[in-house]
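All residue numbers for the sequence shown refer to the numbering used here, where the first residue is 370 and numbers rise by one.
From the three backbone atoms N, C-alpha and C, an ideal C-beta is built for every residue, glycine too.
Some notes on the structure that comes next.
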Amino acid sequence: MQPSAETNGKPNTLTITDNRTGKQYEIPIENDTIRATDLRKIRMHPEDFGMMTYDPAFMNTAACRSTITFIDGDRGILQYRGYPIEQLAERCSYLEVAYLLIHGELPNEAQFEEWTQNITQHTFVHENIKKFMDGFHYDAHPMGMFVSTVAALSTFYPTAKRIDDPVERLLTIYRLIGKAPTLAAFAYRHSIGMPYVYPDDDLSYAGNLLSMMFKVGEPMLQPHPVLTHALDTLFILHADHEQNCSANAMRAVGSSRADPYSSAAAAAAALYGPLHGGANAEVLYMLDEIGNKEKIPAFINAVKGGERKLMGFGHRIYKNFDPRASIIKKLADQVFSVTGRNPKLDIAMELERIALQDDYFIKRKLYPNVDFYSGLIYQALKFPVDMFPVLFAIGRMSGWLAQWQEMLLDPEQKISRPRQVYLGRAKRDVPMLSQRGFAAG
Ligand code: ACO
């Protein structure tokens, strides 16, 4: 949220009365927030620890100050570094947006050339990574392979541990953005028993991924420009989303000063979950299960009865609409004009239509999120469902790295370590074995 600056001449403080003691406390307000540690002075007895806030799942806790991504969930606004997502999706390529997230400004031509060249130079992986991937079982999930190989990169680049060195940090940024599509494609090729395809420097970022995924015997795979553009746009839409579960994992692990590959692997692991980056695959499974429009009302009833979840609906932040979902819907039309219509689109649209008129969803402010339609496009591009979270991770890599770097450069940040409210047993003595029913001796 963006803080309001107006105080109308009134003090920018919060006065709290502790009714247990009758004492009053004045707490400064800054950027519409109070510092949780200021509450510690509220205590009954001098030896008390002091007041804390209890906020499971961080529903109302800002853990950092950030200048990367702005979201207004009620108004459906998403901006990277101040630029609306709609304009970025229309006017920029993914690599320009990645530059914007990392450096704070869009690149000029020379900066962009250098940036692209550096990333392209780092798309290859060490040959031992291939051997490492060969060790996975034939049906290993590509996201499990991706998470593990991102972590394994830390053993290939030990100097990345020098996280205070801006040159090392930038090198890691090039490497992780450059290698993410290579690792993703290799994971897929392994799962279908096909030889790995090396990166092709003459292709765009998204085009290169399509080539590494799908090239068979042809000397060069030139993907359809509409499909390349769609994939590139999907990367832009997924590039960052402020303090989401995986960005929070990246920051939390990075705050222990772990190397960036290990931190990025932790972020990717967080993304793997069905409530986060795994949701786009779940949407497809759900549409498959519903099978035809006639079965939608029964499915909706199961959702309302609490037996099922309508995957691809609802969001912690967006309570009106997800601006990414509107862009994706338009993108789907462009893709289907080339690939032919995905028959599941009709089920998805009918599901959306019925849900948006239903009181259950209206009351809870549940709208389609970015994942409701993205899977249908990925499927039209011939990506298997298991690859969906991996595709999400490729786009999100630049956001994770921007969040990680911001955390490292923020003098207020320390090792991330939440408090707890302990409700367990009070101190007690360990009983002797005989008192716990053990036979003597
Ligand atoms: N289907 C049915 N009911 C839902 C759904 C859904 N998809 N999402 C939320 N609700 C209901 C909850 O049961 C709850 O109802 P209640 O008040 O009667 O208990 C109410 O709406 C509020 O939901 P919460 O779970 O409290 O919302 P929260 O902010 O914790 O969860 C989340 C957000 C995880 C995204 C949730 O909406 C969900 O599980 N959606 C489906 C998974 C999904 O699409 N995830 C992708 C998110 S986008 C992304 O990560 C890129």
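heavy atom of the ligand ACO below 7 Å from residue i C-beta
i, result
"aspartate 740", "yes"
"glutamine 510", "Sequence check: residue 510 is histidine here, not glutamine. Because no heavy atom of the ligand ACO lies under 7 Å away, the Cβ of histidine 510 does not count as near it: no."
"alanine 648", "yes"
"phenylalanine 604", "no"
"valine 672", "yes"
"arginine 788", "no"
"lysine 688", "no"
"phenylalanine 682", "yes"
"leucine 735", "yes"
"leucine 679", "yes"
"histidine 506", "no"
"arginine 722", "no"
"arginine 685", "yes"
"leucine 760", "no"
"leucine 802", "no"
"leucine 656", "no"
"histidine 414", "no"
"leucine 644", "yes"
Rounded separation between residue i and residue j - CA only
i, j, result
"glutamine 393", "arginine 788", "24 Å"
"proline 425", "alanine 621", "16 Å"
"valine 799", "alanine 809", "17 Å"
"methionine 421", "alanine 405", "7 Å"
"asparagine 477", "phenylalanine 439", "23 Å"
"glutamate 399", "arginine 434", "11 Å"
"alanine 762", "alanine 637", "6 Å"
"leucine 606", "glycine 764", "8 Å"
"phenylalanine 481", "alanine 671", "50 Å"
"glutamate 676", "glutamate 651", "15 Å"
"alanine 599", "aspartate 407", "48 Å"
"alanine 803", "proline 415", "With the sequence shown as reference, residue 803 is identified as serine, and alanine is not the correct amino acid for it. Serine 803 and proline 415: Cα-Cα distance of roughly 42 Å."
Chain-order list of residues whose beta-carbon lies under 7 Å from that of residue i (same chain, five-residue window excluded)
i, result
"lysine 410", "Tyr394, Gly419"
"proline 568", "Thr492, Phe493, Thr551, Asn577, Met581"
"alanine 771", "Ile437, Leu470, Ile471, Asp609"
"phenylalanine 515", "Leu552, Ala553, Ala556, Ala637, Val759, Ala762"
"leucine 656", "Lys713, Ile716, Ala717"
"tryptophan 484", "Leu464, Tyr468, Pro476"
"aspartate 740", "Ala648, Asn649, Val652, Gly681"
Interface flag, residue i vs chain B, CB-CB below 8 Å
i, result
"arginine 450", "No chain B is present in this structure, which holds just one protein chain."
Identified DSSP bridge partners for residue i
i, result
"threonine 438", "Tyr449"
"lysine 392", "Asp387"
"phenylalanine 682", "Pro737"
"threonine 382", "Pro397"
"threonine 708", "For threonine 708, which the question treats as bridged, DSSP gives no partner whatsoever."
"threonine 402", "Glu399"
Same chain only: Cβ atoms within 6 Å of residue i, ignoring 5 sequence neighbours per side
i, result
"threonine 541", "Ala529, Pro629"
"aspartate 387", "Ile411"
Chain-order list of residues whose beta-carbon lies under 8 Å from that of residue i (same chain, five-residue window excluded)
i, result
"isoleucine 355", "An answer regarding residue 355 cannot be provided, because it is not within the stretch 370 to 810 covered by the chain."
"serine 706", "Val595"
"serine 624", "Met776, Gln782, Lys783, Ile784, Ser785"
"asparagine 738", "Ala648, Gly681, Phe682, Gly683, His684, Tyr687, Asp691, Arg693, Ala694"
"tyrosine 452", "Leu469, Leu475"
"histidine 495", "Phe525"
Exercise for the section: Report the residue ranges of all alpha helix (DSSP H) runs contained in full by the stretch 441-513; include only those spanning at least 4 residues, in chain order. Expected result: Taking only runs of at least 4 residues, the alpha helix (DSSP H) segments lying wholly in the stretch 441-513 are 454-460, 463-472, 478-490, 496-503.
Practice task
For the stretch 516-561, list the alpha helix (DSSP H) runs that are entirely contained and at least 4 residues long, ordered along the chain.
Solution key: 535-560
Handout entry: Secondary structure, alpha helix (DSSP H): runs of 4+ residues fully inside the stretch 722-787
Key = 728-732, 739-749, 757-778
Exercise for the section: Scan the stretch 608-639 and note each continuous alpha helix (DSSP H) run of 4 residues or more that stays entirely inside, going in chain order. Expected result: 614-623
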